[in-house]
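One structure is given here, and the rest of the page talks about it.
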Amino acid sequence: MPETADLTDDEVDEFTKACNRLYALMHRNRSSLAATSTGPDQLSESQLVLLTPLTEQGAMAVGRLATRAGVAQPTATRALKQLEDKGFVARKRVSGDDRTVLVTLTPRGETAWHVADNRMRAFQREALDQIPPERRTSVVDALTELARAIDRTG
């Protein structure tokens, strides 16, 4: 871990406030987008987060999916049961290992995920459009660096 002696309390306070504000706004807006979606194939924010690793890496075990989505395995198992009941995912025990359950995204689930992801991207495009063009790359770089730092410490 890098040395932190050169950080002042004021810097840490301002960073904390900015991070908390960003998190609160992102959570509020993601929840709002999910709440304004209608129809049987709409995904909640937490369902979108749980399904995203499946769109990136394909089938995976429940435990690995839970870890990738940042939730406890029992939470993932309950959510996956609901998603399976809606036809968004399929769960199958691994042959020769009754303890391991592989989860795959169904075509219906993939479609629902893309609809939700496109709504989120449209919102993110609007937010990015409010940043001056000459600063966009540096903002994306700073967010990427922040995500890496959080991942290393978390």
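The C-terminal residue of the sequence shown carries number 154 in the UniProt record's numbering, and the numbering is unbroken. Note that beta-carbon positions come from the ideal geometry of N, C-alpha and C, so glycine has one too. Every value quoted in this text rests on a predicted model; they were computed, and no experiment measured them.
- Between residue 60 and the set 122, 79 and 92, the nearest pair of CA atoms involves 92.
- Judged by their CB atoms, residue 90 and residue 106 are nearer to each other than the 8 Å cut-off.
- Here residue 60 is bridged, per DSSP, to 103.
- Excluding five sequence positions before and after residue 68, the CB atoms of its chain that fall closer than 6 Å to its own CB belong to 53, given in chain order.
- Listed in chain order, the non-local C-beta contacts of residue 143 below 6 Å within the same chain number zero, local neighbours out to five positions each way being set aside.
- The closest CA to that of residue 47, considering only 141, 133, 8 and 115, is found on 115.
- The three-state reading of DSSP puts residue 41 in coil, since its state is none of H, G, I, E or B.
- Around the CB of residue 51, 16 or more other CB atoms lie within 10 Å, so the residue is classed as buried.
- Bridge pairing for residue 91: 103 [DSSP].
- Shortest Cα-Cα distance from residue 64 to any of 79, 100 and 150 involves 100.
- Beta-bridge analysis with DSSP links residue 97 to 94.
- In this structure, the alpha-carbon of residue 133 lies about 28 Å from that of residue 151.
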